[in-house]
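K.L.:
Below you'll find the structure I mean.
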Amino acid sequence: MKFARILAGAAVVFAVIGAAGYYGATQTDKGRILAANLLVRSVPSPRNLAVPGVTAWQPERERYVAPSNPVMGDAGVWRERHGNGRNSDETLLAGAPTFDKAYVIAPDELYFAAISFDRDSNIYASVSLATDGTFLVSYDIRTGKERWRLKTDKVTPAGGVPIVLEDPVSGGEIVYNMSRDEIVAARTDGSVIWRSATGLEDSTRGDVNSTIMWGPSYNPHLDILTGVSAKGELVAFDRQTGRLLTPEPLILPGSPSRSRGASIPDEIIAKMAEEFQKALGRPLSVATVRRVLKVVEGESVKVANYHSIDAWSGRMWLTATAPDEADGKKDDVSEYGALYGLDLKRDAAGVLTLEIGCNAWFKDGSASTPGLRADGKRVYIADGHRSLLAYDESCHPLWSADVGGQIVASPSVAVDNGEIYVVTTTSLVKLIDEDTKGRIVWNADFDMYDAKAPLVQKNLLTAAIAANGVYAHAGLGVLIHPEGDRPGFLPLRNGGVRLDRETGKVLWYAESEGDSTAVTEIAPDGSLVIPQSPIRSIIANIAFPGLAAKTSGGIAVMRPSRQDLLARDAACAAARLAARADQVAAKEEAAVAEDYRSQVKLLLRQARGAAVEAGAAVDASALPDIDAAMLALGDAEAAGKAEAACRTLTK
Numbered sequence: 000m001k002f003a004r005i006l007a008g009a010a011v012v013f014a015v016i017g018a019a020g021y022y023g024a025t026q027t028d029k030g031r032i033l034a035a036n037l038l039v040r041s042v043p044s045p046r047n048l049a050v051p052g053v054t055a056w057q058p059e060r061e062r063y064v065a066p067s068n069p070v071m072g073d074a075g076v077w078r079e080r081h082g083n084g085r086n087s088d089e090t091l092l093a094g095a096p097t098f099d100k101a102y103v104i105a106p107d108e109l110y111f112a113a114i115s116f117d118r119d120s121n122i123y124a125s126v127s128l129a130t131d132g133t134f135l136v137s138y139d140i141r142t143g144k145e146r147w148r149l150k151t152d153k154v155t156p157a158g159g160v161p162i163v164l165e166d167p168v169s170g171g172e173i174v175y176n177m178s179r180d181e182i183v184a185a186r187t188d189g190s191v192i193w194r195s196a197t198g199l200e201d202s203t204r205g206d207v208n209s210t211i212m213w214g215p216s217y218n219p220h221l222d223i224l225t226g227v228s229a230k231g232e233l234v235a236f237d238r239q240t241g242r243l244l245t246p247e248p249l250i251l252p253g254s255p256s257r258s259r260g261a262s263i264p265d266e267i268i269a270k271m272a273e274e275f276q277k278a279l280g281r282p283l284s285v286a287t288v289r290r291v292l293k294v295v296e297g298e299s300v301k302v303a304n305y306h307s308i309d310a311w312s313g314r315m316w317l318t319a320t321a322p323d324e325a326d327g328k329k330d331d332v333s334e335y336g337a338l339y340g341l342d343l344k345r346d347a348a349g350v351l352t353l354e355i356g357c358n359a360w361f362k363d364g365s366a367s368t369p370g371l372r373a374d375g376k377r378v379y380i381a382d383g384h385r386s387l388l389a390y391d392e393s394c395h396p397l398w399s400a401d402v403g404g405q406i407v408a409s410p411s412v413a414v415d416n417g418e419i420y421v422v423t424t425t426s427l428v429k430l431i432d433e434d435t436k437g438r439i440v441w442n443a444d445f446d447m448y449d450a451k452a453p454l455v456q457k458n459l460l461t462a463a464i465a466a467n468g469v470y471a472h473a474g475l476g477v478l479i480h481p482e483g484d485r486p487g488f489l490p491l492r493n494g495g496v497r498l499d500r501e502t503g504k505v506l507w508y509a510e511s512e513g514d515s516t517a518v519t520e521i522a523p524d525g526s527l528v529i530p531q532s533p534i535r536s537i538i539a540n541i542a543f544p545g546l547a548a549k550t551s552g553g554i555a556v557m558r559p560s561r562q563d564l565l566a567r568d569a570a571c572a573a574a575r576l577a578a579r580a581d582q583v584a585a586k587e588e589a590a591v592a593e594d595y596r597s598q599v600k601l602l603l604r605q606a607r608g609a610a611v612e613a614g615a616a617v618d619a620s621a622l623p624d625i626d627a628a629m630l631a632l633g634d635a636e637a638a639g640k641a642e643a644a645c646r647t648l649t650k
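This is how it looks when you write it as structure tokens:
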């Protein structure tokens with residue numbers, strides 16, 4: 000009977016990942032599923048890890064500086080999908096050195112995209128497939144309780160990721176969210192400031208991908224909010240008033256991508272719907288699950304991910320499809336991917352026009368959001384295979400680095416040392432941009448479990464960079480494809496991981512109950528947060544009955560378990576950066592020194608807050624050290640005082 004169940008489960012998962020084209024399954028893959036079912040009797044618990052010490056990572060090479068802007072605010076807040084407008088997936092604060100097993104907010108909701116935070120770490124999210132008209136919802140990160148919820152009467156309630164911007168007038172913050180139908184601006188208490196229609200064709204018409212809206216994003220040069228649909232329509236709004244600036248949408252270049260998948264039989268979709276119901280505690284129809292798979296597959300679209308905006312020039316960067324004829328065939332379908340540098344211009348009457356500043360074609364496309372270096376001089380994207388591509392601000396190719404496996408997410412780009420972190424089918428890779436080449440430094444050593452083949456440990460999402468480490472979403476499962484091939488990892492367990500930024504070694508791990516197609520995020524309070532859409536876990540539950548863990552939707556939150564360690568790491572990071580500020584100031588690099596000191600201020604403020612929350616767990620003498628360091632910022636003794644705080648907190 001057990002073997003019959005294994006065969007049935009394998010047949011289902013083979014049909015799902017084969018017919019959808021998402022993993023490109025083969026008969027060999029089916030054999031791997033069967034073998035894993037026969038060989039794996041149980042799944043081990045995570046290893047016990049020692050409390051990590053202070054990281055040895057140092058800012059040693061050049062720092063790339065982004066311009067300051069009163070609306071964009073500081074880089075200690077994860078304000079939008081990939082952290083900020085350049086899509087760096089980096090916070091300048093420290094993440095939790097250790098964190099507890101996740102608790103899940105709203106486990107019956109799905110989040111295919113990311114979430115955002117305000118200064119106080121409140122969560123702002125756009126629910127996918129909402130059945131109650133939810134357009135924007137806010138949660139308290141500490142309690143998991145809903146703060147407020149805005150609704151709409153549109154059939155497709157939302158689609159983008161909220162962006163949280165500073166309001167220079169009130170001194171508060173404003174949350175913006177956009178769907179294909181409308182955009183809303185709300186205060187952090189949920190009161191609506193303005194609401195505007197996009198002017199696009201009703202999202203209920205056409206194929207499922209026509210409902211997707213990537214945005215909103217903020218252009219500081221024009222003080223506007225922009226959104227880009229999967230069909231390649233660009234809309235823009237005045238940030239302060241909500242006035243639509245594109246009565247006719249601006250059309251991006253490119254042609255629809257080729258459809259990659261065949262139709263999945265209803266009986267297979269019904270099995271997935273059954274598993275979704277178990278995970279969410281509410282039913283999903285066969286039609287809804289089919290829609291989910293089509294969205295994940297991203298077929299027949301022009302734009303399959305977010306756009307980035309260079310804060311120096313205002314240029315918009317996105318990966319999309321090349322024009323139909325770029326592949327040498329005129330067939331109304333694009334076989335090539337494209338990188339576009341697009342410039343929005345506004346005339347005296349306020350009319351916007353779109354100009355192609357530069358472009359570059361590459362074979363097989365890309366679904367990655369461009370990651371921009373903070374100085375705007377580098378753009379990083381993934382091709383459809385194993386290479387990270389680097390371009391200059393004029394779309395000229397600079398180098399290509401083979402990272403050993405297909406890149407499956409957007410690159411994370413640090414402000415220091417030329418560091419780039421790339422997620423592949425097989426690993427998480429750290430590279431250094433050495434101007435003419437990308438040098439691989441390490442492949443992450445995921446060893447959260449003592450596990451033997453056929454169980455393997457892999458990364459699942461884009462990495463998040465913090466001042467004291469790299470954070471990831473990874474798990475233990477079965478690799479359906481050979482190393483270096485298309486994606487095919489089905490997680491039986493997964494959770495949040497903290498890696499040493501210097502070595503790639505695992506420093507901490509805590510399990511969660513679901514997996515995600517979004518991004519790994521870090522809240523200003525140091526929490527590791529993962530919006531969940533458990534497609535891989537759903538398939539794993541079908542393929543490996545009785546082995547896969549409980550799964551759910553919702554937002555997984557892994558809060559700091561030791562506030563004293565968070566205070567320590569923030570203070571020690573501040574000390575290193577303050578010392579570095581003195582070094583570059585001595586070389587008369589004033590702008591870079593000031594950028595370091597701005598980060599030091601954020602870290603010291605974080606250290607003080609964590610120390611107060613830690614209470615008796617922190618030596619009270621550390622607080623005067625932190626306060627003295629904050630007061631001395633810009634003076635020669637600031638680094639020494641921050642180092643004193645670090646030493647006191649490390650005792």
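Oh and the sequence shown: position 299 is 298 in numbering that gives the first Met the number 0, straight run, nothing missing.
Yeah, the Cβ is synthetic: ideal placement off N, Cα and C, and Gly gets one too.
Using the beta-carbon count (16 or more within 10 Å), is G170 buried or exposed?
P.N.:
Counted from its first residue, the sequence shown places residue 170 at position 171. G170 is exposed by the Cβ-count criterion.
K.L.:
Tell whether a beta-carbon distance below 8 angstroms holds between G253 and A184.
P.N.:
Here residue 253 corresponds to residue number 254 of the sequence shown, with the count starting at 1. Here residue 184 corresponds to residue number 185 of the sequence shown, with the count starting at 1. Cβ distance not < 8 angstroms, so G253 and A184 don't count as in contact.
K.L.:
Drop a sphere of 10 angstroms on the beta-carbon of W147, count the other beta-carbons inside from all chains shown, and report buried for 16 or more, exposed for fewer.
P.N.:
In the sequence shown, the residue the question calls residue 147 occupies position 148. So W147 counts as exposed.
K.L.:
Give the secondary structure of S620 by DSSP, where H, G and I count as helix, E and B as strand, and everything else as coil.
P.N.:
On the sequence shown, residue 620 is found 621 positions in, with the first residue counted as 1. Correct three-state label for S620: coil.
K.L.:
Run through the DSSP bridge pairs and tell me what I104 is partnered with.
P.N.:
Numbered from 1 along the sequence shown, position 105 holds the residue referred to as residue 104. Partner(s): I554.
K.L.:
So the candidates are A452, S411 and K549; which of them puts its Cα closest to the Cα of V518?
P.N.:
Translated into positions along the sequence shown, residue 518 becomes position 519. Nearest of A452, S411 and K549 to V518, Cα basis: S411.
K.L.:
In chain order, what are the residue ranges of uninterrupted beta strand (DSSP E) at least 3 long that sit wholly in the segment 357 to 436?
P.N.:
Counting only runs of 3 or more, we get 378 to 381, 386 to 390, 396 to 401, 418 to 422 and 427 to 432.
K.L.:
Counting C-beta neighbours from all protein chains within 10 Å, is the total for P282 16 or more, i.e. buried, or is it exposed?
P.N.:
For this step, residue 282 is matched to residue 283 along the sequence shown. Per the 10 Å Cβ criterion, exposed.
K.L.:
Give a single yes or no on whether G525 has its beta carbon closer than 7 angstroms to a heavy atom of the ligand SAM.
P.N.:
Only the bare structure without any ligand can be found here, which leaves the ligand SAM out of the picture.
K.L.:
Would you be able to state if there are at least three C-beta pairs under 8 angstroms between the segment 46 to 56 and the segment 505 to 521?
P.N.:
With a cut-off of 8 angstroms, the segment 46 to 56 and the segment 505 to 521 count as touching, because enough Cβ pairs lie within range.
K.L.:
Is it buried or exposed for L630, if we count other Cβ within 10 angstroms and need 16 for buried?
P.N.:
Residue mapping note: residue 630 aligns to position 631 of the sequence shown, counting from 1. Classification of L630: exposed, given that the 10 Å Cβ count is below 16.
K.L.:
Using a Cβ-Cβ cut-off of 6 angstroms (strictly less than) and excluding sequence neighbours within five positions of D484, which residues of its own chain qualify?
P.N.:
Against the sequence shown, residue 484 aligns to sequence position 485. Interpretation of D484 is limited by its pLDDT of 46, a score under 50 that renders its predicted location unreliable; the figure taken from the coordinates is listed afterwards. Excluding sequence neighbours, D484 sits near nothing in its chain.
K.L.:
By a C-beta neighbour count over all protein chains shown, 10 Å radius and 16 as the cutoff for buried, is K429 buried or exposed?
P.N.:
Residue 429 sits at position 430 when you count from the first residue of the sequence shown. Its Cβ being crowded by 16 or more others within 10 Å, K429 is buried.
K.L.:
Using only CA atoms, which one of Q405, R372, D374 and C394 lies nearest to L387?
P.N.:
Looking up residue 387 in the sequence shown gives position 388. If we check each option's Cα against that of L387, Q405 comes out closest.
K.L.:
So, for D139: in the same chain, excluding its five sequence neighbours on each side, which residues have a beta-carbon less than 6 angstroms away from its beta-carbon?
P.N.:
Numbered from 1 along the sequence shown, position 140 holds the residue referred to as residue 139. Hits under 6 angstroms: R146.
K.L.:
Answer yes or no: do V227 and L338 have a C-beta to C-beta separation smaller than 8 angstroms?
P.N.:
In the sequence shown, counting from the first residue as 1, residue 227 sits at position 228. In the sequence shown, counting from the first residue as 1, residue 338 sits at position 339. Cβ atoms of V227 and L338: not closer than 8 angstroms.
K.L.:
My understanding is that A463 touches D117, with C-beta atoms under 8 angstroms, so please give their C-beta distance in whole angstroms.
P.N.:
Locating residue 463 in the sequence shown gives position 464, counting from the first residue. Locating residue 117 in the sequence shown gives position 118, counting from the first residue. Between D117 and A463 the Cβ distance is about 18 angstroms, and since that is not below 8 angstroms, they are no contact.
K.L.:
In terms of alpha-carbon separation, which member of L491, K150, E247 and L38 lies closest to N176?
P.N.:
On the sequence shown, position 177 is the one that residue 176 refers to. Among L491, K150, E247 and L38, the Cα nearest to that of N176 belongs to K150.
K.L.:
Between the alpha carbons of A539 and K329, how many angstroms are there, rounded?
P.N.:
Taking the first residue of the sequence shown as 1, we reach residue 539 at position 540. Taking the first residue of the sequence shown as 1, we reach residue 329 at position 330. Distance between the alpha carbons of A539 and K329 is about 40 angstroms.
K.L.:
Give the secondary structure of G253 by DSSP, where H, G and I count as helix, E and B as strand, and everything else as coil.
P.N.:
Here residue 253 refers to the residue found at position 254 when the sequence shown is read from its first residue. In this structure, G253 counts as coil in the three-state DSSP scheme.
K.L.:
Rounded to whole angstroms, what is the Cα-Cα separation between G375 and G487?
P.N.:
To locate residue 375, count along the sequence shown from 1; it is residue 376. To locate residue 487, count along the sequence shown from 1; it is residue 488. Roughly 34 angstroms between the two C-alpha positions.
K.L.:
According to DSSP, which residues form a beta bridge with F488?
P.N.:
Taking the sequence shown and counting its residues from 1, one reaches residue 488 at position 489. Answer by DSSP bridge pairing, in chain order: L478.
K.L.:
Mind reading off the beta-carbon distance from G553 to P161? Whole number of angstroms is fine, and I expect it under 8 angstroms.
P.N.:
One-based indexing of the sequence shown puts residue 553 at position 554. One-based indexing of the sequence shown puts residue 161 at position 162. With 8 angstroms as the limit, G553 and P161 do not qualify as a contact, their Cβ atoms being about 17 angstroms apart.
K.L.:
According to DSSP, I162 sits in a beta bridge with which residue or residues?
P.N.:
Position 163 of the sequence shown holds residue 162. Its beta-bridge partners are Y175.
K.L.:
Checking 8 angstroms against the spacing of the C-beta atoms, do E461 and S532 come in under that value?
P.N.:
Looking up residue 461 in the sequence shown gives position 462. Looking up residue 532 in the sequence shown gives position 533. Here residue 461 turns out to be Thr, not Glu, going by the sequence shown. Their beta carbons are not under 8 angstroms apart, which means T461 does not touch S532 by this criterion.
K.L.:
Have a look at S137 and Y123 and give me their C-alpha separation to the nearest angstrom.
P.N.:
Sequence index remark: in the sequence shown, residue 137 carries index 138 (1-based). Sequence index remark: in the sequence shown, residue 123 carries index 124 (1-based). So the alpha carbons of these two residues sit roughly 5 angstroms apart.
K.L.:
Have a look at I355 and R314 and give me their C-alpha separation to the nearest angstrom.
P.N.:
Numbered from its first residue, the sequence shown carries residue 355 at position 356. Numbered from its first residue, the sequence shown carries residue 314 at position 315. Their backbone Cα atoms lie some 10 angstroms apart in a straight line.
K.L.:
Looking only at its chain, what residues have a beta carbon closer than 6 angstroms to the beta carbon of R62, apart from the 5 residues adjacent to it on each side?
P.N.:
In the sequence shown, residue 62 corresponds to position 63, counting from 1. Cβ neighbours of R62 beyond the five flanking positions: V414, D415 and V591.
K.L.:
May I ask which residues mark the beginning and end of the beta strand (DSSP E) holding G336?
P.N.:
By one-based count along the sequence shown, residue 336 stands at place 337. G336 -> beta strand (DSSP E) spans Y335 to R345.
K.L.:
Cα-Cα, which of P523, A628 and E593 is closest to N121?
P.N.:
Within the sequence shown, residue 121 is the residue found at index 122, counting from 1. Cα-wise, what sits closest to N121 is P523.
K.L.:
Ignoring anything shorter than 3 residues or poking outside the segment 94 to 156, list the beta strand (DSSP E) runs there in chain order.
P.N.:
Qualifying beta strand (DSSP E) stretches, in chain order: 102 to 104, 122 to 124, 133 to 138 and 145 to 150.
K.L.:
With distances taken between CB atoms, is the gap from T97 to R567 smaller than 8 angstroms?
P.N.:
For this step, residue 97 is matched to residue 98 along the sequence shown. For this step, residue 567 is matched to residue 568 along the sequence shown. Going by C-beta atoms, T97 is not nearer than 8 angstroms to R567.
K.L.:
Can you check which of these residues, D624, P623 and L454, is closest to L546 by C-alpha distance?
P.N.:
Locating residue 546 in the sequence shown gives position 547, where the first residue counts as 1. When only C-alpha atoms are compared, the closest one is L454.
K.L.:
Return the residue from the list L397, G614 and G280 that minimises the CA-CA distance to A359.
P.N.:
The residue given as residue 359 occupies position 360 in the sequence shown. For A359, the nearest C-alpha among the options comes from L397.
K.L.:
Quick one, are the C-beta atoms of R607 and I625 less than 8 angstroms apart?
P.N.:
Here residue 607 is taken as the residue at index 608 of the sequence shown, counted from 1. Here residue 625 is taken as the residue at index 626 of the sequence shown, counted from 1. Yes. Within cutoff.
K.L.:
With N721 as the anchor, note down where its alpha helix (DSSP H) starts and where it stops.
P.N.:
For the chain, the structure presents residues 0 to 650; residue 721 sits outside this window and is missing.
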